[in-house]
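Notes to accompany the following structure.
Protein chains: 2
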Amino acid sequence: MSEERGEEIQNLSNRRFRRRTYLGGLGAALALPASAALLSACNRLSENGGTETKVAGGGISASAEEIIARRKLSPDDVTAALSTYLPSGRLDDYLMFASGGQSGQVLVIGLPSMRLLKLIAVFTPEPWQGYGFSDDTKAVLDEGKVAGRSITWGDTHHPALSETDGDYDGQWLFINDKANSRLAVIDLRDFSTKQIVKNPLLLSNHGGTFVTPNTEYVLEGSQYGVPLGWEYAPITEYKEKYRGMLTCWKFDRQRGRIIPEESFGIEVPPYGQDLADAGKLVSDGWAFWNSFNSEMATGGDMQGKPPLEMGASQRDMDYLHVVNWKKAVDVVKAGKAETIKGFKVIRIPTAVSEGILYLIPEPKSPHGVDVTPKGDYLVVAGKLDPHVTVYSFAKIQQAIQKGNYEKDDFGIPILPFKDCLEAQVEVGLGPLHTQFDDQGYAYTSLFLDSAVSRWSLGKPYRDDGWKAIEKVPVQYNVGHVAAVTGDTVKPLGGFLVALNKWSVDRFANVGPLLPQNLQLLDIAKDHKMRVLYDLPIGNAEPHYAQIIPRERIKAFETYPEVGWNTITQSKDPNGTALGKERIARDGNKVEIWMTSVRSHFTPDLIEVNQGDHIVWHITNTEKARDATHGFALPLYNINLSLEPGKTETVSFVADASGTFPFYCTEFCSALHLEMMGYFLVKPSS
Amino acid sequence: MSEERGEEIQNLSNRRFRRRTYLGGLGAALALPASAALLSACNRLSENGGTETKVAGGGISASAEEIIARRKLSPDDVTAALSTYLPSGRLDDYLMFASGGQSGQVLVIGLPSMRLLKLIAVFTPEPWQGYGFSDDTKAVLDEGKVAGRSITWGDTHHPALSETDGDYDGQWLFINDKANSRLAVIDLRDFSTKQIVKNPLLLSNHGGTFVTPNTEYVLEGSQYGVPLGWEYAPITEYKEKYRGMLTCWKFDRQRGRIIPEESFGIEVPPYGQDLADAGKLVSDGWAFWNSFNSEMATGGDMQGKPPLEMGASQRDMDYLHVVNWKKAVDVVKAGKAETIKGFKVIRIPTAVSEGILYLIPEPKSPHGVDVTPKGDYLVVAGKLDPHVTVYSFAKIQQAIQKGNYEKDDFGIPILPFKDCLEAQVEVGLGPLHTQFDDQGYAYTSLFLDSAVSRWSLGKPYRDDGWKAIEKVPVQYNVGHVAAVTGDTVKPLGGFLVALNKWSVDRFANVGPLLPQNLQLLDIAKDHKMRVLYDLPIGNAEPHYAQIIPRERIKAFETYPEVGWNTITQSKDPNGTALGKERIARDGNKVEIWMTSVRSHFTPDLIEVNQGDHIVWHITNTEKARDATHGFALPLYNINLSLEPGKTETVSFVADASGTFPFYCTEFCSALHLEMMGYFLVKPSS
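Quick look at the structure:
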């Protein structure tokens, strides 16, 4: 190396270290451009942009025309590209919260760009977020234990954004785990999971989560019947002992938690309760669940009986469950619920005698029951019926008033189908689920047709109501659909996403396990529906999603104060300021209060004895947005994510002696690799 | 319900059941459109497309012009949109394999559309793929235990595609876990992880994985020194007892496995070995590792010493490690390696005396060392030096021949910097990592500048060599860059991805933990570089990536035969054909051979006694692409992914009595919800 060059390096290095000292934080200068630098970067981009783009007229450059020709883009392709592309730094208009199916997580996707902005870890530990590795997040996952057993996955199906007056308020998100009948609460201030509750009486759910119009309750419906509490019962006693349950979980918005003690269930027959929706406006106070196995078939395909898919499809009709949840609250308050395994349950006879529970026949094997924006109709989509069936809430109320019901085998009133029916609209094969827009249209997914049907609601929505309008093919086998605020009192229209279950030939071959295909549809009023974009989902299986305007989410950019506990969303008593780091020993308990800042931990050398109980608090003292650090410790299976301001604690027994390098897992600065230290465990012998 | 309507439903239902019977599989007809139906769906799309797109001339419709105006797209935005948009069903040209950082996984992203096609679970259990839930995948994860302890995450940094003659062959992918010094082997026939190996002597790695030009070896470099085997040693004995190691893992392409018994390490000083690259063509047989802490600083910031980021930046120069791995293989074969904890290690003195190991000074705190396509130069990017430093492999060989070296404290020859230097090119602040294209250009990421520099290689690549050409800003703080086959003997150019670590203001606010930003750059020769697309990564922290043309990957569409074991990639002895299902009891062992087909399991009713040992084999007998089923069992924490043809086995003790509904977790048909059964565990008392 020449002397000149050596000097130059030294000067650069000195300059940087001086600047760093000037800025106070040891690593700050080396780390990141300050916002001024960011601005300048943006300016540079603008200056740099535009080169060689000769405008051919109408805003299209000659090079764009060449690209269209070279890439053989059709006029529709061009329209789609221009409708979905987001220039760097421009923000998506909408956020879609999609369940992640058996990944156990929730996906956050921006619209119209259809980019995955975040995966929220819910039921499955996730190290990038440090979820399930810190004491607090382990405790959240432990709330979801089943009979004392850790469950390390979930099957998330139906996210529900919290609502105020029947519209999304952007504060909370709820999600179910179908596999073990659990619910989770996600705080949208930091997009992370704060609570898991386990239903003590069920082992599966599907018709949840759905919230009541002011998020008083989060609704959960069982899917597969079990004896309440899932104790063993022979399958021959299915009708006698197996049951479903509709659970109303009380949500305390101030505490941001579900309160199990103030929650309750309503016992129902083992009819295989399916999707649900809460009433709103005129139907506020009511909730609705489908079912697909009113036959109470139980399979037995190795014993010569038909499998459930056939057994459960014998009758023409299944039952829509109509539930007065507000009255149920009063019944529980009046002490008329039974307590089973510590959980309050309204038994079927009580539900019937109190006028809480009714059934209405519905075309067999339905999936979605969806309440129209004004709360006046219920749309049921039955997978084996080419129609959507529309019930009138007013007619249901009249039928209830009329009385003189038939009853099912469990004594539950069956309201006459004809008396409750408003309309049936033939939409196509395999209708599953329905959403609404701002023009009085409904959109129903057609699983067998692989299409989305647009049809018109009747009065008071449209004069030309209850008519199929058009169908657009999707690729392939669409399950749910989600439109912008499409299940609220104020659907905004514009975009709809078809959550297709199969992608087959849509994407490059990445092996036998294929991504799903989420397709963005333009459903604005001035033209026919059209597919704009195919989004492969190769890390999850989304079922349902909700789409909210971006502005309604008021998330933290960084935590409000340095030393923040993200589970309590308040100051952490173990938050540590720079210069206040320490290590304290009390017998064989060693407690560490550590800080992180670009780019070092303090302390960076820790020596303990084998067998010591370690309680390790780490506070990221950064205040700059995006200045996240991580903390990894080998062998002890620890990885934490430390967003600016966050304090995390991890406790463990240092039972293995050795030399353990810990380090920052987030590429936080140019000297990030040097952000490490040693945890030395002296052997006890 | 009217009689007419009832009849209609009945007819539809009968028709469907008949068709189903006709097709042989009970669920087939209800499940999915056959390929004819898919084709018809495509035709419908074409028919439906094009409506209302009045062409305004030059391939641009009037509505496209309106969109450009309404969305305020600049000419460059339009170019970018048109360059990256992929119409539905058109396949990406390239696949990018990116590490997932502390998520522990690998991401597969399509280019130019920049869509996440798949997440490959590697070090972290992932239920969507059933990874870590079946016996076989649990066994893969268990291979990665550290001193008998399960590690449920990893810190993946540098993926390496297998190579033939120095170019990607699309067969295998290797990836490191920096946090626990492990490596994984991924089979690109099904994009899933087949093996994890734990380095028995190290606890961190970084300079790996890199493969030799014919994938004879997978190279791993330690990062943070520990006593080999990580036994306790006081930090004061850092120089005496702590060591790094460069590990050459033997890969057996036929078996698709790393063979630890045929692998070995080369002991090196605790200099904090960093990134690496293997030589190729003229430099085949050699490999190169950087280091950042030749100061051997050890921090101690609570003891009044400088933190490592300062301590490790005291000297002007660190050391590039130059290793003759082919000679090392011979040395090991000659029995000159020592065996430590069962692993062969060439000690420093042997490495020196055998001419295996040399050092060359390099500007301090370097990150990448990258070998040019012809294998003739090494490009080192030092984070604290605004230049890239180019070494000549020929000059290095001459310097080695010349002899008469200075030596470091460990007796390792230090080749003179000047004698090995070919050129230095000033590229900007914080250069990190370099890739190459087909025009003789190199591309270096600039972390501090938040930019990518394009500069020219000298002869034989270009006559106007060793010159900075241009810089393009990226958003923000770029770590690695990846160009199409950009680290092989035949870089193809065209696209480059900047893997930016921070996104700050680029995306909608999703809370304090921000996505990273992967930006696609157009680097085709006929214009200046430009940023085309911002891809947020909100589920992982990619470090390095490799980009391969799509056609080179020959993945299975479905497994070759029904009853396929995906770990052995051969017929599974417990694969079960339809009609061959059975349950066998042997003492308290119950073995189940189950099949899945749309839409039922056989058997669907299983009763056992509490305490029975269950061995449960499930074969998905589907042959249609994308006909994946899942298998979920509550409380016992089981979820499997059953791609067409796959056989999975899960074993457990049925120690909890009860009624457990199991079900299919993949939305496989219109009667998917009915695809369930009961696992009944009779109480022992």
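Same order as they appear, the protein sequences are chains B and D. Heads up, the first sequence stops at 684 in numbering that gives the first Met the number 0, and the numbers go up one at a time, no gaps. Heads up, the second sequence stops at 684 in numbering that gives the first Met the number 0, and the numbers go up one at a time, no gaps. We put the CB at the ideal spot given by N, CA and C, even for glycine.
Here's the rule I'm using: 16 or more other beta-carbon atoms within 10 Å means buried, otherwise exposed. How should R114 of chain B be labelled? Locating residue 114 of chain B in the first sequence gives position 115, counting from the first residue. Counting Cβ neighbours within 10 Å, R114 of chain B comes out buried, since at least 16 surround it.
At which residues does the beta strand (DSSP E) containing G485 of chain B begin and terminate? Within the first sequence, the letter at position 486 stands for residue 485 of chain B. Counting along the chain, G485 of chain B falls outside any beta strand (DSSP E), and DSSP gives it neither H nor E.
State buried or exposed for A583 of chain D, treating a residue as buried only when at least 16 other CB atoms are found within 10 Å of its CB. As a position in the second sequence, residue 583 of chain D is number 584, starting the count at 1. By the neighbour-count rule (16 or more Cβ atoms within 10 Å), A583 of chain D is not buried but exposed.
Which residues in chain D sit within 8 Å of D189 of chain B, going by Cβ to Cβ distance? Counting from one through the first sequence, the residue named residue 189 of chain B turns up at place 190. Taking a Cβ-Cβ cut-off of 8 Å, the neighbours of D189 of chain B in chain D comprise G510, P511 and L512, given in sequence order.
Could you compute how far the alpha carbon of S203 of chain B sits from the alpha carbon of S391 of chain B? Your numbering for residue 203 of chain B matches position 204 in the first sequence. Your numbering for residue 391 of chain B matches position 392 in the first sequence. If I take the Cα positions, the gap works out to 30 Å.
Go ahead and label Q434 of chain D buried or exposed: buried means 16 or more other beta carbons lie within 10 angstroms of its beta carbon, across all protein chains shown. The sequence position of residue 434 of chain D within the second sequence is 435, counting from 1. Buried, since its Cβ has 16 or more Cβ neighbours within 10 Å.
Using a C-beta to C-beta distance shorter than 7 Å, which residues of chain B count as neighbours of T601 of chain D? Here residue 601 of chain D corresponds to residue number 602 of the second sequence, with the count starting at 1. Going along chain B in sequence order, the residues near T601 of chain D (Cβ under 7 Å) are D300 and M301.
What residue does the beta strand (DSSP E) around K279 of chain B start on, and which one ends it? As a position in the first sequence, residue 279 of chain B is number 280, starting the count at 1. Per DSSP, K279 of chain B belongs to no beta strand (DSSP E) and is neither H nor E.
Against chain D, with Cβ distances strictly below 8 Å, would P158 of chain B count as a contact? If you number the first sequence from 1, residue 158 of chain B lands on position 159. With 8 Å as the cut-off, P158 of chain B does not count as an interface residue toward chain D.
Kindly list the residues whose CB is nearer than 6 Å to the CB of I546 of chain B, restricted to its own chain and excluding five residues on each side of it in sequence; keep chain order. The count along the first sequence starts at 1 and reaches residue 546 of chain B at position 547. Around I546 of chain B: Y93, M95, A481 and V483.
Burial state of G48 of chain B, where buried means 16 or more other Cβ atoms lie within 10 Å: Residue numbering aside, residue 48 of chain B sits at position 49 when the first sequence is read from its first letter. Note that G48 of chain B scores a pLDDT of 35, beneath 50, so its modelled location is shaky and nothing firm can be said.
For A554 of chain B, go through chain D and note every residue whose CB falls closer than 7 Å to its CB, in chain order. The count along the first sequence starts at 1 and reaches residue 554 of chain B at position 555. Result: N508, V509 and G510.
Would you list the one or two residues that DSSP bridges to Q272 of chain D? Within the second sequence, the letter at position 273 stands for residue 272 of chain D. BP columns for Q272 of chain D point to D:S290.
Please report the Cβ distance between N619 of chain B and P643 of chain B, rounded to the nearest whole angstrom; I am assuming they are in contact, meaning their Cβ atoms lie under 8 Å. In the first sequence, the residue the question calls residue 619 of chain B occupies position 620. In the first sequence, the residue the question calls residue 643 of chain B occupies position 644. The Cβ separation is near 6 Å, so the contact holds.
Pick helix, strand or coil for P633 of chain D, following the three-state DSSP scheme. Position 634 of the second sequence, counted from the first residue, corresponds to residue 633 of chain D. Correct three-state label for P633 of chain D: coil.
Just to confirm, is the Cβ distance from D154 of chain B to A626 of chain D under 8 Å? Position 155 of the first sequence, counted from the first residue, corresponds to residue 154 of chain B. Position 627 of the second sequence, counted from the first residue, corresponds to residue 626 of chain D. No; because the gap between Cβ atoms is not below 8 Å, this pair is not in contact.
Chain-order list of residues whose beta-carbon lies under 6 Å from that of T349 of chain D (same chain, five-residue window excluded): The residue you call residue 349 of chain D lines up with position 350 of the second sequence. Within the same chain, T349 of chain D has close Cβ partners K335.
What are the start and end residues of the alpha helix (DSSP H) that includes T136 of chain D? To locate residue 136 of chain D, count along the second sequence from 1; it is residue 137. Unbroken alpha helix (DSSP H) run through T136 of chain D: D134 to E142.
Check the Cβ of R114 of chain B against every Cβ in chain D and list those closer than 7 Å, keeping chain order. Position 115 of the first sequence holds residue 114 of chain B. Per Cβ cutoff of 7 Å: L534 and P535.
Neighbour flag for S598 of chain D against chain B, beta carbons, 8 Å: For this step, residue 598 of chain D is matched to residue 599 along the second sequence. Output row for S598 of chain D: interface = yes.
Taking 8 Å as the threshold (beta carbon to beta carbon), is A497 of chain D in contact with chain B? Reading the second sequence from its first residue, position 498 is the one you call residue 497 of chain D. No, A497 of chain D lies away from the interface with chain B (no Cβ there is under 8 Å from its Cβ).
Chain A partners of I66 of chain B, CB-CB under 8 Å? Of the protein chains in this structure, namely B and D, none is chain A.
Rounded separation between G109 of chain B and L187 of chain B - CA only: Stepping through the first sequence from its first residue, residue 109 of chain B is reached at position 110. Stepping through the first sequence from its first residue, residue 187 of chain B is reached at position 188. The alpha-carbon atoms of G109 of chain B and L187 of chain B are separated by roughly 15 Å.
Candidates B:P365, B:K240 and B:N638: which alpha carbon is nearest R346 of chain B's? In the first sequence, counting from the first residue as 1, residue 346 of chain B sits at position 347. That would be B:K240, whose Cα lies nearest to the Cα of R346 of chain B.
Can you check whether the CB of T192 of chain D is closer than 8 Å to the CB of V139 of chain D? Counting from one through the second sequence, the residue named residue 139 of chain D turns up at place 140. Counting from one through the second sequence, the residue named residue 192 of chain D turns up at place 193. Contact flag set, yes.
Return the CA-CA distance between V145 of chain B and P459 of chain B, expressed in angstroms with no decimal places. Numbered from its first residue, the first sequence carries residue 145 of chain B at position 146. Numbered from its first residue, the first sequence carries residue 459 of chain B at position 460. Computed Cα separation, rounded: 47 Å.
Quick check on T648 of chain B - is its C-beta less than 8 Å from some C-beta in chain D? By 1-based counting over the first sequence, the position of residue 648 of chain B is 649. It does not: the Cβ of T648 of chain B has no partner Cβ on chain D nearer than 8 Å.
Assigned exposure category for T388 of chain D - 16 Cβ within 10 Å defines buried: For the purposes of this step, residue 388 of chain D is identified with residue 389 of the second sequence, where counting begins at 1. Buried, since its Cβ has 16 or more Cβ neighbours within 10 Å.
Measure the C-alpha to C-alpha separation of D418 of chain B and E230 of chain B and round it to an integer number of angstroms. Here residue 418 of chain B refers to the residue found at position 419 of the first sequence. Here residue 230 of chain B refers to the residue found at position 231 of the first sequence. Roughly 40 Å between the two C-alpha positions.
Considering only C-alpha positions, which residue in the set B:S87, B:R70 and B:D75 is nearest to S73 of chain D? Taking the first residue of the second sequence as position 1, residue 73 of chain D is located at position 74. Checked all of B:S87, B:R70 and B:D75; the closest Cα to S73 of chain D is B:S87.
Can you give the beta carbon distance from S452 of chain B to D463 of chain B, rounded, assuming they're within the 8 Å contact cut? Taking the first sequence and counting its residues from 1, the one referred to as residue 452 of chain B is at position 453. Taking the first sequence and counting its residues from 1, the one referred to as residue 463 of chain B is at position 464. Between D463 of chain B and S452 of chain B the Cβ distance is about 16 Å, and since that is not below 8 Å, they are no contact.
Please give me, in chain order, every unbroken run of the beta strand (DSSP E) with length at least 3 that falls completely inside the segment 172–222 of chain B. 181–186, 191–197 and 216–220
Below 9 Å between beta carbons is the criterion; list the residues of the segment 666–684 of chain B that meet it against any residue of chain D, in chain order. Within the segment 666–684 of chain B, the qualifying residues are F666, C667, S668, A669, L670, H671, L672, E673, M674, M675, G676, Y677, L679, V680, K681 and P682.
At which residues does the beta strand (DSSP E) containing E261 of chain D begin and terminate? Counting from one through the second sequence, the residue named residue 261 of chain D turns up at place 262. Note, E261 of chain D: premise wrong, no beta strand (DSSP E); not H, not E.
Run through chain D and tell me which residues come within less than 7 Å of A653 of chain B, C-beta to C-beta. Within the first sequence, residue 653 of chain B is the residue found at index 654, counting from 1. Residues of chain D passing the Cβ test: none, with the nearest at roughly 11 Å.
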